[in-house]
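Residue numbers (the working numbering): 441 to 592.
Given below as structure tokens:
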């Protein structure tokens with residue numbers, strides 16, 4: 441019902457319109473307002489959710505949830521260096537396991553520690569994929585934020 445590029449006055453008029461169109465009536469159980477804020481001083485996004493629950497005993501239970509989101513992938517040089525070292529270790533151990541797989545063939549899968557190593561490498565590769573996805577998503581959101589002057 442509510443489009444992205446609005447203001448507080450638009451929210452008030454939209455809620456009034458919803459009430460006039462009888463979207464909000466005696467059978468309404470909840471109204472949820474979600475928005476995202478950006479603080480350029482600390483480069484932090486905050487996802488905000490306001491929830492008004494209408495109780496059966498004619499009461500209202502309001503709640504608010506604030507979730508800070510830091511989209512910056514690397515905030516320090518140390519973090520970048522540690523991530524590169526981590527990726528290097530993963531590639532090194534992946535090569536070792538591939539060599540063992542070629543050497544042992546099907547016997548490789550019968551060893552308990554080989555299965556543990558496959559699990560560790562799978563989780564590590566997944567975390568690397570998530571790092572890459574997060575970095576690309578950060579770049580996409582940053583360029584979108586710059587193109588729209590902050591009105592994403």
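The C-beta atom is built at its ideal place from N, Cα and C for all residues, glycine as well.
Going by beta carbons, residue 505 and residue 486 fall outside the 7 Å limit. Per DSSP, residue 512 is not a residue of any beta strand (DSSP E), being assigned neither H nor E. A Cβ-Cβ separation of about 23 Å leaves residue 469 out of contact with residue 507 under the 8 Å criterion. The Cβ-Cβ distance between residue 561 and residue 534 falls below 7 Å. Within the region 471-557, the beta strand (DSSP E) runs of at least 3 residues that lie entirely inside it are, in chain order, 484-494 and 500-509. In the structure shown, the three-state DSSP call for residue 570 is helix. Taking residue 514 as the centre and dropping the five residues before and after it, the same chain places the C-beta of 520 closer than 6 Å to its C-beta, in chain order.
Ranked by how close their Cα comes to the Cα of residue 475, the residues 537, 551, 548 and 509 have 509 in first place.
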